[in-house]
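Note sheet for the following structure.
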Amino acid sequence: MKYYATKINDKGNIAVDDTILVKGFPATAGSRILDGFKPLFDAEAVTRLTNKGYEISGKAHVGEFGLDLVGEFSHYSEKENVLCGASAELVAKGEVKAALGVDVNGAPRRSAALSGISFLKPTYATVSRYGVISTAASGEALGVYAKDTCAISEIMTVIAGHDEKDGTSLKNAAYDYSNNIDVKGTKVCIIKELFDKADESAKAKITAYADSLKSAGVTVEEISCPLFEIGNTAWQILMTAETCNNISRYDGVKYGYRAKEYKNIDELYVNSRTEGFNFLTKAVILYGSDSLSKNRYDNCYGKSLKVRRVVSDEIKKILSSYNAILTPVCSKTEYESYDISEAFVKVFEEGIFTSAANLTGIPALVSGEVQLLGNHFDEKTLLSLAHSVERKGE
Amino acid sequence: MNMKYELVIGLETHVELSTNSKIFCSCGGHSSPKEANDCVCPACSGMPGMLPVMNKRVVELAVTAGLMLNCEISRYTTFDKKNYYYPDLPCAYQITQLNHPICKNGCVTLKTSQGTRDIRIKQIHMEEDAGKLVHGGNSSFVDFNRTSVPLIEIVTQPDFRSAEEVLAYLNKLKSMFISGGISECEEGAMRCDVNISVRPEGSEEFGVRTEIKNMSSFESIERAIHYEAQRHMDALEFETEELVQETRRFDDTTGKTFAMRNKETEADYRYFPDANLMPIIIDDEWLEAIKSAKPEAIDEKTEMYLEAGISEKEIEMLMSNYNIGKLLDDTVALGCNLKDTATWVLTDCAGILRKDGKTFSDLTITPEKLAAIIKMVDEGKVNRSIGRKILIAVVEDGVDPVEYCKAQGFDQKVDASTIETVMDKVISDNPQAIEDFKNGKVKAKQALFGACMKQLKGVADPSVIKELLDKKLESI
Numbered sequence: 256m257k258y259y260a261t262k263i264n265d266k267g268n269i270a271v272d273d274t275i276l277v278k279g280f281p282a283t284a285g286s287r288i289l290d291g292f293k294p295l296f297d298a299e300a301v302t303r304l305t306n307k308g309y310e311i312s313g314k315a316h317v318g319e320f321g322l323d324l325v326g327e328f329s330h331y332s333e334k335e336n337v338l339c340g341a342s343a344e345l346v347a348k349g350e351v352k353a354a355l356g357v358d359v360n361g362a363p364r365r366s367a368a369l370s371g372i373s374f375l376k377p378t379y380a381t382v383s384r385y386g387v388i389s390t391a392a393s394g395e396a397l398g399v400y401a402k403d404t405c406a407i408s409e410i411m412t413v414i415a416g417h418d419e420k421d422g423t424s425l426k427n428a429a430y431d432y433s434n435n436i437d438v439k440g441t442k443v444c445i446i447k448e449l450f451d452k453a454d455e456s457a458k459a460k461i462t463a464y465a466d467s468l469k470s471a472g473v474t475v476e477e478i479s480c481p482l483f484e485i486g487n488t489a490w491q492i493l494m495t496a497e498t499c500n501n502i503s504r505y506d507g508v509k510y511g512y513r514a515k516e517y518k519n520i521d522e523l524y525v526n527s528r529t530e531g532f533n534f535l536t537k538a539v540i541l542y543g544s545d546s547l548s549k550n551r552y553d554n555c556y557g558k559s560l561k562v563r564r565v566v567s568d569e570i571k572k573i574l575s576s577y578n579a580i581l582t583p584v585c586s587k588t589e590y591e592s593y594d595i596s597e598a599f600v601k602v603f604e605e606g607i608f609t610s611a612a613n614l615t616g617i618p619a620l621v622s623g624e625v626q627l628l629g630n631h632f633d634e635k636t637l638l639s640l641a642h643s644v645e646r647k648g649e
Numbered sequence: 040m041n042m043k044y045e046l047v048i049g050l051e052t053h054v055e056l057s058t059n060s061k062i063f064c065s066c067g068g069h070s071s072p073k074e075a076n077d078c079v080c081p082a083c084s085g086m087p088g089m090l091p092v093m094n095k096r097v098v099e100l101a102v103t104a105g106l107m108l109n110c111e112i113s114r115y116t117t118f119d120k121k122n123y124y125y126p127d128l129p130c131a132y133q134i135t136q137l138n139h140p141i142c143k144n145g146c147v148t149l150k151t152s153q154g155t156r157d158i159r160i161k162q163i164h165m166e167e168d169a170g171k172l173v174h175g176g177n178s179s180f181v182d183f184n185r186t187s188v189p190l191i192e193i194v195t196q197p198d199f200r201s202a203e204e205v206l207a208y209l210n211k212l213k214s215m216f217i218s219g220g221i222s223e224c225e226e227g228a229m230r231c232d233v234n235i236s237v238r239p240e241g242s243e244e245f246g247v248r249t250e251i252k253n254m255s256s257f258e259s260i261e262r263a264i265h266y267e268a269q270r271h272m273d274a275l276e277f278e279t280e281e282l283v284q285e286t287r288r289f290d291d292t293t294g295k296t297f298a299m300r301n302k303e304t305e306a307d308y309r310y311f312p313d314a315n316l317m318p319i320i321i322d323d324e325w326l327e328a329i330k331s332a333k334p335e336a337i338d339e340k341t342e343m344y345l346e347a348g349i350s351e352k353e354i355e356m357l358m359s360n361y362n363i364g365k366l367l368d369d370t371v372a373l374g375c376n377l378k379d380t381a382t383w384v385l386t387d388c389a390g391i392l393r394k395d396g397k398t399f400s401d402l403t404i405t406p407e408k409l410a411a412i413i414k415m416v417d418e419g420k421v422n423r424s425i426g427r428k429i430l431i432a433v434v435e436d437g438v439d440p441v442e443y444c445k446a447q448g449f450d451q452k453v454d455a456s457t458i459e460t461v462m463d464k465v466i467s468d469n470p471q472a473i474e475d476f477k478n479g480k481v482k483a484k485q486a487l488f489g490a491c492m493k494q495l496k497g498v499a500d501p502s503v504i505k506e507l508l509d510k511k512l513e514s515i
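Going down the list, the protein sequences come from chains A and B.
All residue numbers in the first sequence are consecutive under the working numbering, ending with 649.
All residue numbers in the second sequence are consecutive under the working numbering, ending with 515.
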């Protein structure tokens with residue numbers, strides 16, 4: 256089984272998803288379209304880690320542009336025995352201390368849950384996206400895979416903070432990623448509509464996790480919020496549209512893959528992109544391009560922006576009464592393989608659990624195979640809640 | 040023709056801004072590159088992982104342009120992405136402004152032979168330029184030097200009624216932007232799309248509109264308008280063809296326009312907000328700072344120059360180059376007389392540059408140095424022709440005028456008796472010249488004058504020498 260698309264340093268202690276740039280080493284994003292592309296600079300998060308003495312072990316395989324469920328549809332997995340959720344597995348096996356991943360539609364969170372490790376998708380714009388192969392700029396976030404919340408705190412403290420090279424980067428100089436604040440007396444809610452979407456084993460994980468929280472003095476209640484469903488639809492529309500736009504630069508002209516056969520510039524574009532992208536990416540491009548078209552914009556993209564606001568407000572309201580929201584990460588606790596022709600629908604369906612965090616920019620922590628959502632910049636509460644459960648397990 | 044027709048024209052004008060760097064990266068602006076692709080970075084060549092970071096100066100120049108055109112300045116302005124595929128567009132989208140442009144609802148007044156007319160400005164928006172394709176042999180090459188060079192696009196309402204008005208407007212924009220330091224407006228830095236329709240005179244309704252894209256010379260714009268207007272009128276009068284709403288291109292060699300694409304086949308650019316660029320908020324403090332740095336409106340400036348006795352032709356020269364307009368204004372600000380300084384700049388500096396085969400853009404003299412020369416002349420320390428000698432040394436070699444003057448001994452006063460002594464010696468040394476002069480040869484006087492000047496090393500005032508010499512010769 257192959258973990259790395261490119262191995263960099265045998266002694267390295269941090270792996271990065273192949274959607275994150277390391278200067279001079281191929282960056283494929285799991286796609287044939289970037290074949291042979293080598294970046295001229297390090298991602299800001301990589302720079303910050305290496306400045307602190309961490310070493311990058313290599314570029315872990317990802318699904319094409321990180322758009323699939325758990326990294327199952329890399330171009331390279333067609334030829335080799337590439338591992339799904341490679342970064343998460345590297346962490347789970349203790350090969351590296353932590354890994355960096357790009358969360359645009361939940362893939363790193365799902366892989367972390369399936370490998371039994373943790374992943375934090377931090378608050379939007381707290382970690383620089385400079386050097387991230389971008390898909391959906393308005394909701395993607397660079398996050399951290401690690402075995403436990405202590406390692407996440409450690410790595411987040413290094414990589415988070417303002418970067419002038421990213422125009423969206425927030426000006427705050429410091430964030431609090433401590434995992435040991437007192438959680439006794441805090442309140443956590445379970446969203447009924449999300450709980451009901453999970454199968455029995457996933458439900459059991461939630462119930463067990465809720466019990467652990469309760470024994471740590473946390474109040475856990477079930478509430479209803481039907482807006483996650485429409486929020487997911489909105490994010491899938493925004494995500495496909497932005498991705499369609501951001502990956503339109505991969506046209507075979509400047510770098511990466513170019514088709515062998517073409518007679519003119521239109522054929523160069525069409526053939527390169529037809530041969531360079533996989534079925535799922537093509538579906539994303541088609542849906543995204545459609546929702547941005549003149550006749551559809553108001554009812555699709557424009558409306559999704561409004562839904563984003565409504566869902567954001569609703570979640571803010573919930574999080575003014577509760578310190579965190581407890582949800583499943585996936586509908587199932589076991590991964591079942593499926594054909595790429597079903598991928599778009601599968602990702603859409605599973606997005607119900609993960610998309611709210613991308614849509615609204617709130618932090619999401621996967622730990623113990625469940626997910627905790629919290630207020631913007633309140634990672635410390637999520638990390639501390641998870642840490643209280645981790646300690647119980649020790 | 041039986042009917043009288045009226046032309047209706049609206050303009051979209053793209054102007055390259057004079058900034059030190061591109062709009063979203065730190066690459067040098069439009070004037071720096073020499074070779075293809077030597078002003079390119081991962082951001083402006085569309086490599087993954089790079090994010091656009093707004094150049095603040097672009098906002099300030101766009102706002103300044105808006106203030107000059109009497110626009111409302113948006114306090115909240117955002118960027119959108121315009122999608123299309125072309126090899127000179129590395130990201131396959133252009134970052135531009137659709138929903139919240141930086142300036143709106145302006146107005147500019149034109150004076151032409153047909154009287155005055157107010158042209159309403161619909162909006163001004165900021166955007167990035169595309170690169171260039173170079174074709175050679177069986178291949179095409181892409182040059183990204185121009186990608187992401189900042190532009191403003193100024194969109195007018197359909198308020199023009201003739202080609203003359205269009206040209207008056209473009210010339211006015213050009214003067215305004217050059218003298219205001221917004222753009223150097225050199226060849227290709229100002230490009231126009233012309234929207235044109237024709238209707239029977241007196242009619243309120245607009246005719247079928249065509250758009251002639253991307254013209255950069257004023258001459259082409261004028262010819263294109265005349266051709267297109269005639270085509271529309273022929274179509275209406277003689278039903279030579281059916282007019283359709285379409286985009287056309289003007290061919291300089293044939294002087295004709297031809298169709299590129301019509302409304303049905305028009306591209307859908309799938310505009311949407313750019314999530315990588317945060318909305319820009321222009322607060323009171325920033326707006327005031329831009330306002331106070333804004334140069335005087337050219338109408339007021341023209342008035343001031345005319346009052347000082349500067350000719351219209353000279354004003355045109357001053358307005359056509361940012362360097363000299365600024366040199367004049369800054370020198371005057373140091374206490375020099377306006378009309379006098381204008382002569383130093385437009386006659387003396389221009390002459391020196393012309394002699395060296397250079398243009399105003401090559402002029403590097405600082406206002407401080409020019410003011411120092413003018414002051415030396417005004418205070419009678421040196422005469423004007425010496426002043427000009429100093430100016431030549433300053434323009435050509437960049438010397439310090441005061442030090443140079445001292446080193447050359449120009450500042451030593453020469454009194455009349457010294458001149459007389461020298462003159463007597465010249466006369467006694469040149470008996471033949473005196474003889475010739477007595478015989479009525481005018482040239483002889485010239486030779487004596489030259490000999491005196493040589494002896495006095497060009498230090499004494501030539502007019503004084505001439506006067507004294509005349510007296511001497513009369514008395515002989």
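Backbone N, C-alpha and C fix where the C-beta goes; we use that ideal spot for every residue, glycine too.
Classify residue i as buried or exposed, calling it buried when 16 or more other Cβ atoms lie within 10 Å of its own Cβ.
{"i": "G105/B", "result": "buried"}
{"i": "I320/B", "result": "exposed"}
{"i": "G422/A", "result": "buried"}
{"i": "F180/B", "result": "exposed"}
{"i": "D401/B", "result": "exposed"}
{"i": "H174/B", "result": "exposed"}
{"i": "N501/A", "result": "buried"}
Find out if the Cβ-Cβ distance for the pair residue i, residue j is shorter than 9 Å.
{"i": "M358/B", "j": "S214/B", "result": "yes"}
{"i": "Q162/B", "j": "K143/B", "result": "yes"}
{"i": "L50/B", "j": "T195/B", "result": "yes"}
{"i": "S610/A", "j": "G318/A", "result": "no"}
{"i": "A341/A", "j": "G326/A", "result": "yes"}
{"i": "Y379/A", "j": "K420/A", "result": "no"}
{"i": "E350/A", "j": "K257/A", "result": "no"}
{"i": "R563/A", "j": "T615/A", "result": "yes"}
{"i": "V443/A", "j": "A579/A", "result": "yes"}
{"i": "S389/A", "j": "N315/B", "result": "yes"}
{"i": "E258/B", "j": "H53/B", "result": "no"}
{"i": "R159/B", "j": "Y552/A", "result": "no"}
{"i": "M356/B", "j": "P294/A", "result": "no"}
{"i": "N434/A", "j": "T381/A", "result": "no"}
{"i": "N223/A", "j": "E395/A", "result": "As displayed, chain A neither begins before 256 nor continues past 649, which places residue 223/A out of reach and without an answer."}
{"i": "A298/A", "j": "L369/A", "result": "no"}
{"i": "H417/A", "j": "S408/A", "result": "no"}
When you compare each of the options to residue i by their alpha carbons, which one comes out closest?
{"i": "S639/A", "options": "V351/A, V438/A and Q626/A", "result": "V438/A"}
{"i": "N268/A", "options": "A282/A, L345/A, M256/A and P294/A", "result": "L345/A"}
{"i": "L581/A", "options": "G472/A, L620/A and T529/A", "result": "L620/A"}
{"i": "L468/A", "options": "I288/A, H631/A, K647/A and A315/A", "result": "K647/A"}
{"i": "D168/B", "options": "V188/B, L209/B and L326/B", "result": "V188/B"}
{"i": "S113/B", "options": "N122/B, K120/B, T103/B and K121/B", "result": "T103/B"}
{"i": "E327/B", "options": "E99/B, S456/B and P126/B", "result": "E99/B"}
Please look up how many angstroms separate the CB atoms of residue i and residue j, rounded, as I've assumed it's under 8 Å.
{"i": "F608/A", "j": "Q626/A", "result": "7 Å"}
{"i": "A457/A", "j": "K587/A", "result": "6 Å"}
{"i": "P406/B", "j": "G220/B", "result": "Their Cβ separation, rounded to whole angstroms, is 15 Å, which puts P406/B and G220/B out of contact at 8 Å."}
{"i": "M272/B", "j": "A263/B", "result": "Not quite, the Cβ-Cβ distance comes to about 15 Å (not below 8 Å), so this is no contact."}
At what residue ranges does the segment 429-458 of chain A contain a whole run of the beta strand (DSSP E), taking only runs of 3 or more? 442-446
Quick one: which unbroken alpha helix (DSSP H) runs of 4-plus residues sit fully inside the segment 85-141 of chain B? Chain order, please. 95-107
Extract the residue ranges of the beta strand (DSSP E) inside the segment 522-546 of chain A, only unbroken runs of 3 or more that lie entirely within it. none
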